[in-house]
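Visitor:
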Amino acid sequence: MTASRGVVVIHYAELGTKGKNRSFFVGVLRRNLRRALVGLEVASIQSRHARIFLEFAAPLDDDLQRELRSRLGAVMGIATFSFATRIPGRPLDRLEREACELVERALGEQAREPGAGGGSVIRTFAVDTRRGDKSFPIPSPEINRRLGAAIQGRTGLGVDIRNPDLNVGVEVLPDSILLYGNREEGQRGLPVGASARVVSLLSSGIDSPVASYRILARGCRVIYVHFHSMPYTQRASVDLTLDLVHQLAPYQPKSELYLVPLAEIQRKIAVEAQSSIRVVLYRRWMVRLAEKVAAKVGARALVTGDSIGQVASQTVENLSVIEEAATIPILRPLVATGKEEIIRMARKIGTYDISTQPYEDCCAFLMPQNPETHVRPDDVRRAEEALGPMEDLVWDALARAERHVIPCVASGAIRK
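Be aware that the sequence shown starts at 1057, since it is given in this note's numbering, and climbs by one per residue.
Structural data, given as structure tokens:
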């Protein structure tokens, strides 16, 4: 390693609690980092002392830092990351000087651009030293005191070890010391690929993209299924769903979207079943079709954006009746989440503006005026028996399904 090479220090939070399984989770994260950094001159990716160190062949100039913020900001499993200066040979006099210059640069940036340095005015700082090499003769508290005194003498800033405006990080390694300022926030959670595959029933609305994002953050690889009612509805919901998958694409190596026509099944239900239970019947057949896709792609569960009480089909009673149609688990990460919180998350991940564009949802096609909010299981079972065999319609829908593969866009997709 040389002093001219740029270094990024990656911290992970939840992965550090995994005990004997930690190496598996860190291995998945390292694999995802390699994919995320394709095209950049990465010299090495090393795991040491509960950190991951990325070393680049070139210094971390402004352009590279912007690119890394975008790419690393989409990698699930990263708690924070920092752009570091490497000090070879570990001389403390140079460390003191570099630390003072780091703080002065942050103050200068704040003066030029108010709100820089983490979004608050820098009045206080703290030094946090991690001594990965325990053979280094000076203990961490002493390094903190020496650097703190030097920084305070140069800048006049106050010290706040609990909640500083600027945190100065120090990593003591066997051959060098890494110095960095405030950490950049990552997505946290678990790295995608650490958990099972799932199929997400993705509408063009606000909720299901947020549910998909939350499941991605639990390490699941997500395959998307969207049901549409074309040609009886416009193509808007399909196009918006494609936009949503493109927006979510940076979070996993590859995204698959299956567009499944539901209109003929809906028409049969609308003609032959009681209108008040129509929506529950539609959704039961969506579950069955999604399970067929899950079997094809090796997924272990379904994911929906259901939140109790938001619409008629999402009462506890109706959700229970819908789930009867499933033979694999249905995961509902938003089930107890209020609409305001869902909207806040949708804005954060950049899906809100897409989801609020006008479209015709398949559930609105042939929608009854007064849907039942407390459907009785026996009524649904009798209605499905009266429908008779549906296999031909099911296999026809699956045969006409379109599969789209959306590659991960390495940069420029996330809103921070």
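Glycine included, C-beta positions come from ideal geometry on N, C-alpha and C.
(1) Provide the residue(s) that pair with Y1280 in DSSP beta bridges, ordered along the chain.
(2) Shortest alpha-carbon distance to H1105 belongs to which of K1190, E1320, E1428?
(3) Quick one: residues in its chain with C-beta nearer than 8 Å to the C-beta of L1390, no 5 flanking neighbours on either side, listed in chain order?
(4) Going by other Cβ atoms of all chains shown within 10 Å of its Cβ, with 16 needed for buried, is D1221 buried or exposed?
(5) Expressed to the nearest angstrom, what Euclidean distance is found between the alpha-carbon atoms of L1213 and F1181?
(6) If you scan the stretch 1341-1395 from start to end, which runs of the beta strand (DSSP E) of 3 or more residues do you find wholly inside it?
(7) Check the DSSP bridge columns for F1139 and list the partner residues they point to.
(8) Could you give the distance in angstroms between the alpha-carbon of A1206 and the alpha-carbon of E1111?
(9) Are the beta-carbon atoms belonging to I1066 and F1137 less than 9 Å from one another?
(10) With distances taken between CB atoms, is the gap from R1127 to I1108 smaller than 9 Å?
(11) Could you check where the beta strand (DSSP E) with Q1102 kicks off and where it finishes?
(12) R1459: which of G1444, A1402, V1301 sits nearest, CA to CA?
(13) Just to confirm the assignment, what range does the alpha helix (DSSP H) spanning N1223 have?
(14) I'd like to check one pair, T1289 with L1258: are the Cβ atoms closer than 9 Å?
(15) Kindly indicate the opening and closing residues of the beta strand (DSSP E) around F1181.
(16) If you measure between the beta carbons of I1321 and Y1338, is that distance less than 9 Å?
(17) Assign N1077 to one of two classes, buried (16 or more other C-beta atoms within 10 Å of its C-beta) or exposed (fewer than that).
(18) Between the Cα of P1144 and the Cα atoms of L1163, N1200, V1063, which residue gives the shortest distance?
(19) Measuring CB to CB, does L1345 end up less than 9 Å from V1281?
(20) Mind checking R1011: buried by the 16 CB within 10 Å criterion, or exposed?
(21) What first and last residue would you give for the beta strand (DSSP E) that runs through H1460?
(22) Between which two residues does the alpha helix (DSSP H) holding R1202 run?
(23) Can you name the residues that DSSP bridges to L1110?
(24) In this structure, what does DSSP give as the bridge partners for R1274?
(25) Nearest-angstrom Cα distance between H1430 and I1410?
(26) For A1092 and Q1166, what's the separation of their Cα atoms in angstroms?
Guide: For this structure:
(1) S1256, L1313
(2) K1190
(3) D1263, V1266, A1267, R1270, G1361, D1362, S1363, I1398
(4) buried
(5) 7 Å
(6) 1357-1359
(7) V1064
(8) 28 Å
(9) yes
(10) no
(11) 1098-1104
(12) V1301
(13) No alpha helix (DSSP H) contains N1223, which is instead part of the beta strand (DSSP E) from 1222-1228.
(14) no
(15) 1180-1187
(16) yes
(17) exposed
(18) V1063
(19) yes
(20) Past the boundaries of the shown model lies residue 1011; the chain is included only from 1057 to 1472, so the question cannot be answered.
(21) 1458-1463
(22) 1196-1211
(23) V1064, I1101
(24) L1246
(25) 32 Å
(26) 30 Å
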